[in-house]
Each structure stands twice: as structure tokens, then as C-alpha cells.
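A short write-up of the structure that comes next.
2 protein chains.
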Amino acid sequence: TLEARGVSKVYQTGALEVTALGGVDLSLFEGELVVFLGPSGSGKSTLLNILGGLDRPSAGAVYFRGDELTQFDDHALTLYRRDHVGFVFQFYNLVASLTARENVDLVTEIAINPMSSDDALGVVGLSHRMDHFPAELSGGEQQRVAIARAIAKQPDILMCDEPTGALDIKTGITVLQAIEQTNRELGTTTAIITHNATVANMADRVILLADGHIIEVIENSSR
Amino acid sequence: TLEARGVSKVYQTGALEVTALGGVDLSLFEGELVVFLGPSGSGKSTLLNILGGLDRPSAGAVYFRGDELTQFDDHALTLYRRDHVGFVFQFYNLVASLTARENVDLVTEIAINPMSSDDALGVVGLSHRMDHFPAELSGGEQQRVAIARAIAKQPDILMCDEPTGALDIKTGITVLQAIEQTNRELGTTTAIITHNATVANMADRVILLADGHIIEVIENSSR
Ligand SMILES: Nc1ncnc2c1ncn2[C@@H]1O[C@H](COP(=O)(O)OP(=O)(O)OP(=O)(O)O)[C@@H](O)[C@H]1O
Ligand SMILES: Nc1ncnc2c1ncn2[C@@H]1O[C@H](COP(=O)(O)OP(=O)(O)OP(=O)(O)O)[C@@H](O)[C@H]1O
Ligand SMILES: [Mg+2]
Ligand SMILES: [Mg+2]
Numbered sequence: 009t010l011e012a013r014g015v016s017k018v019y020q021t022g023a024l025e026v027t028a029l030g031g032v033d034l035s036l037f038e039g040e041l042v043v044f045l046g047p048s049g050s051g052k053s054t055l056l057n058i059l060g061g062l063d064r065p066s067a068g069a070v071y072f073r074g075d076e077l078t079q080f081d082d083h084a085l086t087l088y089r090r091d092h093v094g095f096v097f098q099f100y101n102l103v104a105s106l107t108a109r110e111n112v113d114l115v116t117e118i119a120i121n122p123m124s125s126d127d128a129l130g131v132v133g134l135s136h137r138m139d140h141f142p143a144e145l146s147g148g149e150q151q152r153v154a155i156a157r158a159i160a161k162q163p164d165i166l167m168c169d170e171p172t173g174a175l176d177i178k179t180g181i182t183v184l185q186a187i188e189q190t191n192r193e194l195g196t197t198t199a200i201i202t203h204n205a206t207v208a209n210m211a212d213r214v215i216l217l218a219d220g221h222i223i224e225v226i227e228n229s230s231r
Numbered sequence: 009t010l011e012a013r014g015v016s017k018v019y020q021t022g023a024l025e026v027t028a029l030g031g032v033d034l035s036l037f038e039g040e041l042v043v044f045l046g047p048s049g050s051g052k053s054t055l056l057n058i059l060g061g062l063d064r065p066s067a068g069a070v071y072f073r074g075d076e077l078t079q080f081d082d083h084a085l086t087l088y089r090r091d092h093v094g095f096v097f098q099f100y101n102l103v104a105s106l107t108a109r110e111n112v113d114l115v116t117e118i119a120i121n122p123m124s125s126d127d128a129l130g131v132v133g134l135s136h137r138m139d140h141f142p143a144e145l146s147g148g149e150q151q152r153v154a155i156a157r158a159i160a161k162q163p164d165i166l167m168c169d170e171p172t173g174a175l176d177i178k179t180g181i182t183v184l185q186a187i188e189q190t191n192r193e194l195g196t197t198t199a200i201i202t203h204n205a206t207v208a209n210m211a212d213r214v215i216l217l218a219d220g221h222i223i224e225v226i227e228n229s230s231r
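Chains A and B are the protein sequences, given in the same order. In my numbering, each number is its position in the first sequence, counted from 1, plus 8. In my numbering, each number is its position in the second sequence, counted from 1, plus 8.
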């Protein structure tokens with residue numbers, strides 16, 4: 009289980025103070041698929057980054073299988089990310105000087121139980137573009153490389169920030185099916201931020217965020 | 009009018025050849041709002057970049073009000089872009105070291121008939137974040153700065169590549185209304201690439217692309 013207890017995040021820029029998260033309590037259970045919805049600027053990316061160990065909260069605590077991440081030093085947090093978490097970032101964060109295949113290899117080389125980069129790129133429909141660089145790929149193709157990179161790691165926890173934002177409906181469904189398959193077959197605890205309503209149907213729970221707070225949780229019994 | 013005649017684009021990377029566009033014929037009429045739909049990798053961004061003077065075709069010609077853009081030298085093409093075209097790029101292209109307001113000022117300072125940057129940022133709901141840098145804004149907020157920058161210029165032609173990809177439905181509608189208003193009130197010739205079905209309803213015409221070709225054109229009589 010991944011738990012947030014009273015997590016808040018306040019950014020201080022000069023005299024201005026922006027509260028991105030205002031005291032969030034949340035548990036993600038092993039093998040669960042949870043979708044996060046909410047308006048632009050409501051704190052979705054901030055919450056996922058903190059749960060995934062990419063950012064530290066201003067107050068509150070985060071626990072992974074009983075260990076308190078918020079007490080970890082930088083090195084321990086890096087090991088938590090490396091050994092347990094896969095990310096699909098909102099802006100892909102691909103390495104421009106590496107090909108699609110090399111971007112995926114970057115992660116599989118240090119993963120405990122990876123898929124091959126060829127298989128991962130095949131799953132997202134990019135077998136024919138593995139030796140192209142990010143600048144030679146369209147927006148949606150770059151996003152699919154980012155997804156292949158996260159899936160290839162076969163992590164315990166998969167954090168996806170708008171995984172289908174740059175994709176047409178058909179390509180989006182291919183990608184979502186790949187994420188859902190990893191969750192179902194491997195038991196990957198999966199958190200997806202999206203504005204895409206079809207994704208909400210796939211989830212065990214849908215969590216609504218607004219102005220840095222959880223305002224509603226919807227259980228999806230049909231899954 | 010903006011016209012493409014037999015426009016094709018072929019990328020050569022090593023031994024591999026990728027045909028992004030395979031002979032496209034198209035006219036965008038003055039004041040028209042046209043939506044481009046199509047799967048990931050079908051050539052939408054490539055077509056908009058060529059029509060907007062950001063890229064040159066491998067073959068074929070592009071005309072703006074009778075002048076042949078494809079005969080322009082680099083300096084003349086820059087003047088065409090500066091004096092006539094506003095862009096909302098798929099990946100925003102904000103300048104990281106400038107605030108939201110300064111990113112918009114960059115364009116209004118050299119525009120012929122601009123809005124103020126404060127007004128443009130107000131239209132997209134970011135009056136309260138004008139002095140923040142891109143890294144201090146969420147994904148959707150950054151996208152809205154990119155839209156404000158294009159609208160503020162009040163250009164003859166507005167090219168929008170996935171303008172609502174990072175936005176929730178409600179915020180997306182605010183932004184689309186701003187684009188539609190500029191088109192209606194100023195007569196801005198507007199081309200929008202999107203996977204968002206509501207946008208297609210706003211358009212005079214919807215153009216479907218697949219594998220670098222136009223496969224269908226739908227006229228929307230209700231507009
Ligand atoms: N520099 C390049 N070198 C090689 N191929 C390229 C290059 N730029 C684009 N392409 C290819 O051209 C095709 C069209 O790309 P384009 O960016 O126009 O697609 P798109 O329709 O905008 O897709 P998306 O919806 O994913 O953004 C894609 O298959 C892409 O990989
Ligand atoms: N470094 C920072 N400095 C100041 N404010 C910040 C910083 N990073 C994020 N914020 C603010 O915190 C709030 C939450 O941001 P977050 O990125 O979590 O939103 P989001 O829900 O992911 O939005 P979107 O759907 O637009 O991606 C936003 O108002 C954002 O502007
Ligand atoms: Mg975000
Ligand atoms: Mg594109």
C-alpha cells in the first residue's frame with residue numbers, strides 16, 4: 009500500500025505563496041487502478057510526484073508498505089524510485105540524444121524484472137520507429153515511447169500523468185489497454201491522471217481533486 | 009486564402025525514408041475555422057508547420073493571398089510568420105527564463121495590432137499567475153500561456169496544434185471559446201488540430217488526415 013497522510017505542498021515564490029496541495033489523505037492499495045481527475049492547476053501532478061518520490065511535501069507523511077518515505081534521505085528516495093516506481097511524465101522527459109529504443113533501454117538496464125525494449129515498443133505500436141530520435145517522432149509517438157519506457161520496467165507502482173493527452177482516440181485505447189494489462193496481469197498498483205472519460209471507466213476508484221483537496225471518491229463496482 | 013498544392017514531405021534519416029505528407033491539396037479561406045483530425049503520426053503537425061511557414065515541403069507549393077511561400081527566402085518566410093501567423097505549438101515552446109507575461113510580451117512587442125499581455129492572460133484565466141515562470145505552472149497553465157501568446161498577436165492566421173491536450177473539459181471550453189471569439193470577431197483564419205470531438209462541432213470544415221493524405225472533408229453547415 010502507498011499512503012498519504014495530511015500531505016500538503018506550498019510553493020514560495022518571492023512574496024507570493026501558492027498552495028498546490030492542502031492536506032491530502034489517501035491510500036493506493038496493492039494492484040489497484042486509480043484515476044485522478046480535476047481541473048488544470050488542481051494539484052494532480054504535484055500529488056503524483058510526491059507519492060512517486062519525485063518531490064517532497066511541505067507537511068504530512070507518505071508511507072510505502074509501512075516505510076515512511078518522508079523520512080528517507082535523497083539516496084534512499086532514489087532507490088525507492090528505481091526499484092519500485094515507473095513514471096509516464098506529463099511532458100515525456102525523453103532524452104533527445106538517444107533513440108526510442110535507447111530511451112527504453114535506459115530504464116530496463118537497471119530494472120529488477122524488465123521486458124525487452126523491443127517488446128515494450130511493440131506493445132505501443134512503434135516497432136518500426138525504434139531507431140528514431142525523439143525529434144524525428146510526432147507528438148503522439150514521443151508520448152508512446154515514454155509509456156513504453158515505464159511499462160518495460162514492470163514496476164510495483166506505475167504513475168501516469170496524462171498518458172493519452174497527445175493521442176487520438178484509437179491510439180489512446182491501444183495505450184490504455186497496455187497499461188490495464190500490466191495492472192491486471194502483474195498486479196501493478198496504477199495511478200492515472202487523465203481528462204479522458206473512457207479511462208475513468210477502467211478504474212477501481214476515481215478520485216476528484218480541486219484546489220489541492222480531494223473533493224470526491226467514486227468506487228467503480230463493475231471492474 | 010492559404011493554399012497547398014501537391015504538398016509532400018519526406019524525411020531521410022540514414023537509409024530510412026519516412027513520408028510524412030504524400031501530396032496534399034487544400035485551401036483555407038479567409039476567416040474560416042477548420043479542424044484537422046487524424047491518428048498519431050498521420051502528418052497533422054507537419055502540414056500545419058508547412059502552411060505556417062515553419063517548415064519547407066519536399067515537393068509542391070504553398071500560396072498566401074497569391075504569393076508563393078515556397079519561393080520565399082528564409083528572411084521573407086520569417087516576415088510572413090511574424091506579420092501574419094500566430095502559433096500554438098503542440099509542446100508550447102515557452103521561454104523558461106521569462107515569466108508568463110514576458111512570454112506573451114515577446115510576441116506583442118513585434119506585432120502589428122496586438123492585445124495587451126494582461127488582457128490575453130485574463131482571457132485564458134491566468135491573471136493571477138502572470139509573474140510566474142513556466143516551471144512554476146502546471147501543464148495546463150503552461151498550455152494556456154502558449155494560447156494567450158498566440159491570441160494576443162491578433163494575427164491573420166492562427167495555427168493551433170492540440171490547444172486543449174493538457175486541459176480538463178471545463179478549462180478546455182474556456183480556451184476554445186477564446187479562439188472561436190478571435191475567429192468570429194476579427195476574422196482570423198483558424199486551423200486547429202485536435203482529438204477533442206467538441207471542437208469539431210465549432211468548425212466550418214473538418215479535414216481528416218491518414219498516412220500523410222487527406223482522406224475526407226466534412227462541411228459543417230450549422231455554423
Ligand atoms: N524529423 C523527422 N524525421 C523522421 N520522421 C519524422 C520527422 N518528423 C516527423 N516525422 C514523421 O512524420 C510523420 C508525421 O508526423 P506529424 O508530427 O506530422 O504527425 P501528427 O499527425 O502531428 O501526430 P501526433 O498526433 O502524434 O502529434 C510521423 O510518422 C513522424 O514520425
Ligand atoms: N514551482 C512552483 N511554484 C509555484 N507554483 C507551482 C509550482 N509548481 C506547481 N505550482 C502550482 O501548483 C498548482 C498545482 O499544480 P499541478 O501541476 O499539480 O496541477 P495539475 O492538477 O497537474 O494541473 P494540469 O492539469 O494543468 O497539469 C498550480 O496552480 C501550479 O501553478
Ligand atoms: Mg499536471
Ligand atoms: Mg502532432
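Ideal Cβ positions, reconstructed from N, Cα and C, are used throughout, including at glycine.
Exercise. From S229 of chain B to M210 of chain B, what distance separates their C-alpha atoms?
Worked result: 11 Å
Exercise. Cβ of K52 of chain A within 7 Å of any heavy atom in ligand 3?
Worked result: yes
For this session: Specify the secondary structure class of G51 of chain A as computed by DSSP and reduced to three states.
Result: coil
Exercise. Is it the case that the Cβ atoms of D169 of chain B and S50 of chain B are separated by a distance below 8 Å?
Worked result: no
Exercise. Going by the beta-carbon positions, is the gap between V15 of chain A and V70 of chain A smaller than 8 Å?
Worked result: yes
Exercise. Could you check where the alpha helix (DSSP H) with R137 of chain B kicks off and where it finishes?
Worked result: Element bounds for R137 of chain B: n/a, residue is neither H nor E.
Exercise. If we ignore side chains and look at the alpha-carbon of each, how far apart do G60 of chain A and Q98 of chain B end up?
Worked result: 27 Å
Exercise. When the Cα of S125 of chain A is compared with those of A:F141, A:H140, A:A108, which residue comes out closest?
Worked result: A:A108
Problem set entry | I159 of chain A at chain B interface by Cβ criterion, 8 Å | no
For this session: Report yes or no: is there a C-beta of chain B within less than 8 Å of the C-beta of A128 of chain A?
Result: no
For this session: Tell me whether the beta-carbon of I118 of chain B lies closer than 8 Å to the beta-carbon of R90 of chain B.
Result: yes
Problem set entry | Rounded separation between A238 of chain B and V32 of chain B - CA only | The requested residue 238 of chain B does not occur in the structure, where chain B is confined to residues 9 to 231.
Exercise. Rounded to a whole number of angstroms, what is the C-alpha to C-alpha distance between L87 of chain B and L129 of chain A?
Worked result: 41 Å
Exercise. CA-CA distance, E227 of chain A and A186 of chain A?
Worked result: 22 Å
For this session: Could you name the residues of the stretch 98 to 130 of chain B whose beta carbon sits closer than 8 Å to any beta carbon of chain A, in the order they occur along the chain?
Result: Q98, F99
For this session: Please report how far the alpha carbon of K178 of chain B lies from the alpha carbon of A143 of chain B, in whole angstroms.
Result: 23 Å
Exercise. Buried or exposed: where does V115 of chain A fall if 16 or more other Cβ atoms within 10 Å of its Cβ makes it buried?
Worked result: buried
For this session: List in chain order: all unbroken beta strand (DSSP E) runs of 3+ residues lying wholly within the stretch 192 to 218 of chain A.
Result: 197 to 201, 213 to 218
For this session: Please list, in chain order, all residues of the same chain as E224 of chain A whose beta carbon is under 6 Å from its beta carbon, the five residues on each side excluded.
Result: L216
For this session: Go ahead and pull the three-state DSSP assignment for D63 of chain A.
Result: coil
Problem set entry | Under 8 Å between C-beta atoms of A158 of chain B and L166 of chain B | yes
Exercise. Taking buried to mean at least 16 other C-beta atoms within 10 Å of its own C-beta, is S135 of chain B buried or exposed?
Worked result: exposed
Exercise. Would you say A174 of chain B reaches chain A, if we count a Cβ-Cβ gap shorter than 8 Å as a contact?
Worked result: yes
For this session: State buried or exposed for R84 of chain A, treating a residue as buried only when at least 16 other CB atoms are found within 10 Å of its CB.
Result: A small correction: the amino acid at residue 84 of chain A is Ala; Arg does not occupy that position in the sequence shown. That one is exposed.
For this session: Inspect the CB distances between the stretch 27 to 47 of chain B and the stretch 191 to 210 of chain B and report whether three or more fall short of 8 Å.
Result: yes
Problem set entry | ligand 3 heavy atom lying under 7 Å from the CB of D169 of chain A | yes
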